[in-house]
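**Q** Per UniProt numbering, the very first residue in the sequence shown carries number 1; after that it's consecutive.
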Amino acid sequence: MSTRKELTGPQKWMLACAAAPMAAVGIAGGFGTYSNVIAEFGRAATAIGVVAAGEGLTLVLALTMLALTLLGQATPRVVRAGLWLAPAAAALVGVAVADGLTEQIVYAATPLAMCGAAEGLGLIARRIVIYTTGVDAEARRRTATAVQRLAYQRAVADRHPDEGRREDALRKSWRLAEQIGVDDPELAAGLIEDQRKRLRQGADEALAGMLTAAPEPARPEPVPVRTETAEEILARKLAAMSQDDAVRLAADAHPDAHPAELAAILGHYGITVDAVQVALILARQPEQHDVYRPDTADAPKVSGLHPVTVEAAVVEAASALGPDAKAREIAEHLARHRRLVVTEPYIRTALSREAKRQQGTAPATPMEGGYA
Numbered sequence: 001m002s003t004r005k006e007l008t009g010p011q012k013w014m015l016a017c018a019a020a021p022m023a024a025v026g027i028a029g030g031f032g033t034y035s036n037v038i039a040e041f042g043r044a045a046t047a048i049g050v051v052a053a054g055e056g057l058t059l060v061l062a063l064t065m066l067a068l069t070l071l072g073q074a075t076p077r078v079v080r081a082g083l084w085l086a087p088a089a090a091a092l093v094g095v096a097v098a099d100g101l102t103e104q105i106v107y108a109a110t111p112l113a114m115c116g117a118a119e120g121l122g123l124i125a126r127r128i129v130i131y132t133t134g135v136d137a138e139a140r141r142r143t144a145t146a147v148q149r150l151a152y153q154r155a156v157a158d159r160h161p162d163e164g165r166r167e168d169a170l171r172k173s174w175r176l177a178e179q180i181g182v183d184d185p186e187l188a189a190g191l192i193e194d195q196r197k198r199l200r201q202g203a204d205e206a207l208a209g210m211l212t213a214a215p216e217p218a219r220p221e222p223v224p225v226r227t228e229t230a231e232e233i234l235a236r237k238l239a240a241m242s243q244d245d246a247v248r249l250a251a252d253a254h255p256d257a258h259p260a261e262l263a264a265i266l267g268h269y270g271i272t273v274d275a276v277q278v279a280l281i282l283a284r285q286p287e288q289h290d291v292y293r294p295d296t297a298d299a300p301k302v303s304g305l306h307p308v309t310v311e312a313a314v315v316e317a318a319s320a321l322g323p324d325a326k327a328r329e330i331a332e333h334l335a336r337h338r339r340l341v342v343t344e345p346y347i348r349t350a351l352s353r354e355a356k357r358q359q360g361t362a363p364a365t366p367m368e369g370g371y372a
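1) Is it buried or exposed for E40, if we count other Cβ within 10 angstroms and need 16 for buried?
2) If you follow the alpha helix (DSSP H) that E261 is in, where does it begin and where does it stop?
3) Excluding the 5 residues preceding and the 5 following A240 in the sequence, name in chain order all residues of the same chain whose CB lies nearer than 8 angstroms to its CB.
4) Leaving out five residues before and five after R149 in sequence, what residues of the same chain have Cβ atoms less than 7 angstroms from its Cβ?
5) Taking DSSP as the reference, what is the three-state secondary structure of A52?
6) Is G120 near L66, with beta carbons less than 8 angstroms apart?
7) I need the DSSP call for T143, collapsed to helix, strand or coil.
8) Near V317, which residues of its chain fall below 6 angstroms by C-beta distance, leaving aside the five closest residues on each side in sequence?
9) Quick check on K356: buried or exposed, where buried means 16 or more other Cβ atoms within 10 Å of its Cβ?
10) CB G82 to CB A137, shorter than 8 angstroms?
11) Assuming H254 and I265 are in contact, meaning their beta carbons sit under 8 angstroms apart, how far apart are those beta carbons, in whole angstroms?
12) Once the 5 residues before and after A262 are set aside, which same chain residues still bring their CB inside 7 angstroms of it?
13) What does the Cβ neighbour count give for A62, buried or exposed, with the cut at 16 atoms within 10 Å?
14) Using 8 angstroms for Cβ pairs, my map puts G26 next to A117. What's the rounded Cβ distance?
15) Assign T143 to buried or exposed, taking buried as 16 or more other Cβ atoms, counted over all protein chains shown, within 10 Å of its Cβ.
16) If you drop the 5 nearest sequence neighbours on each side, which residues of the same chain put their C-beta closer than 8 angstroms to that of E228?
17) Under the rule that 16 or more other beta-carbon atoms within 10 Å means buried, what is residue 382, buried or exposed?
18) Inspect the beta-carbon positions of A313 and L351 and report whether they are closer than 8 angstroms.
19) How should T33 be labelled, buried or exposed, when 16 other C-beta atoms within 10 angstroms of its C-beta is the threshold for buried?
20) Within the same chain, show all residues whose beta-carbon is closer than 8 angstroms to that of V79, passing over the 5 residues directly before and after it, in chain order.
21) My output table needs one value for V342: the three-state DSSP class, helix, strand or coil.
22) Pick out whichever of A260, D244, E311 has its Cα sitting closest to the Cα of I281.
23) Which of the three DSSP states, helix, strand or coil, is assigned to V135?
24) Return the CA-CA distance between I124 and E55, expressed in angstroms with no decimal places.
25) Assuming G29 and A113 form a contact by the criterion Cβ under 8 angstroms, report the distance between their Cβ atoms to the nearest whole angstrom.
26) In chain order, what residues of the same chain have a beta carbon less than 6 angstroms from the beta carbon of R154, not counting five sequence neighbours either side?
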């Protein structure tokens, strides 16, 4: 609901200053028409009648519109049409009584002063009412008329049996939708207030998001891990086995149990079997298969090392390594191949003896102490 406002002193003074010239212009227009008719007819009564029929009627309609506006009511269309038709009739009278073209133009324009003054005063009165009460009767009248026509056209567009009428009503309803709310200060104020609320709410949310500390992320509660019991594991494995394997497994676990006891044990783990089936399964011999396995091949015989002396082993290693082999290399060779630990001086001595032995067994050459 709108709040009533009061006009301030300066506002009243300015409105009065604006209305005074309008009233003066209207009076001047009426006096001009009176003077024009006097000049043509020379009779005051005729001039007063013409002014009363033109400017006088315009004045009556203007005062009616002013009173209705001050009461917060819409002006009827007849009154608004009369504000223009009455000066137009007076203008036609002026054209009819004028002698020349110049006089026709002057006589036709003179009554329009009263029409302009009436419209101006009505507009000021309407704005004063809108300002003080917040209610625009003319806008409400136009909106109500447009809404009523829109409702009718929508009903015709939805339910009229003639398809052509429905299409025409649909187009008219769209044109009428453009007229709803035009020049309606209450609607404009309401929309602006709604937008202000949205802007205020959006700004509040934005500032709250910027200035409020971020909440700590919720830590997920640890989900307890359920471990299977031994009984559940056994039941799951038995369910995956065949019936024969499950019976034999139970019999191996309980070798002294009777078939009825084994059937009860298996039933506890979800294996449905009776004592007769258990007895038949246990009495049945498992399938036997012959497996051919070839004999293992004989291991090759390894001949042992020929027994030699340490000195002979040194000579053998030296011959294997070559004439340039050193005593250290020969000792390493003996340790690796003969598993003998021999010192280097002994190796040199053994090699020296072998060299002398070779020299003593060499054949004698002619003319060198031998016989030819």
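For each residue, glycine too, the CB sits at the ideal point set by N, CA and C.
**A** Taking the coordinates as given:
1) Flag for E40 reads buried.
2) E261 -> alpha helix (DSSP H) spans 259 to 268.
3) Taken in chain order, the list of residues that qualify is empty.
4) Only L176 meet the Cβ criterion.
5) Correct three-state label for A52: helix.
6) No, these two residues do not count as a Cβ contact at 8 angstroms.
7) In the three-state DSSP reduction, T143 falls in the helix class (H, G or I).
8) The amino acid at residue 317 is misidentified as Val; the sequence shows Ala. So the qualifying residues of the chain are I330, H333, L334.
9) With fewer than 16 Cβ atoms within 10 Å of its Cβ, K356 is classed as exposed.
10) No Cβ-Cβ contact shorter than 8 angstroms links G82 with A137.
11) Yes, they are in contact, since the Cβ atoms of H254 and I265 sit about 7 angstroms apart, within 8 angstroms.
12) This sequence places Leu at residue 262; Ala is not what is there. Closer than 7 angstroms at the Cβ level, and outside the excluded window around L262, lie V247, A250, A251, H254, V278.
13) In summary, A62 is buried, with 16 or more beta-carbon neighbours lying within 10 Å of its beta-carbon over all protein chains present.
14) Correct: roughly 3 angstroms between the Cβ atoms.
15) Counting Cβ neighbours within 10 Å, T143 comes out buried, since at least 16 surround it.
16) Here the set comprises R236.
17) The structure shown has nothing for residue 382, since the chain only spans 1 to 372.
18) Between A313 and L351, the C-beta gap is not smaller than 8 angstroms, which leaves the two residues out of contact.
19) So T33 ends up on the buried side.
20) Cβ neighbours of V79 within its own chain (closer than 8 angstroms, five residues either side excluded): L61, T64, M65, L68.
21) Coil at V342, not helix or strand.
22) Comparing Cα-Cα distances from I281 to each of A260, D244, E311, the minimum goes to D244.
23) It is coil, neither helix nor strand.
24) A straight line joining the alpha-carbon of I124 with that of E55 spans about 20 angstroms.
25) Sure, about 3 angstroms apart at Cβ, within 8 angstroms.
26) Excluding positions up to five away in sequence, the list reads S173.
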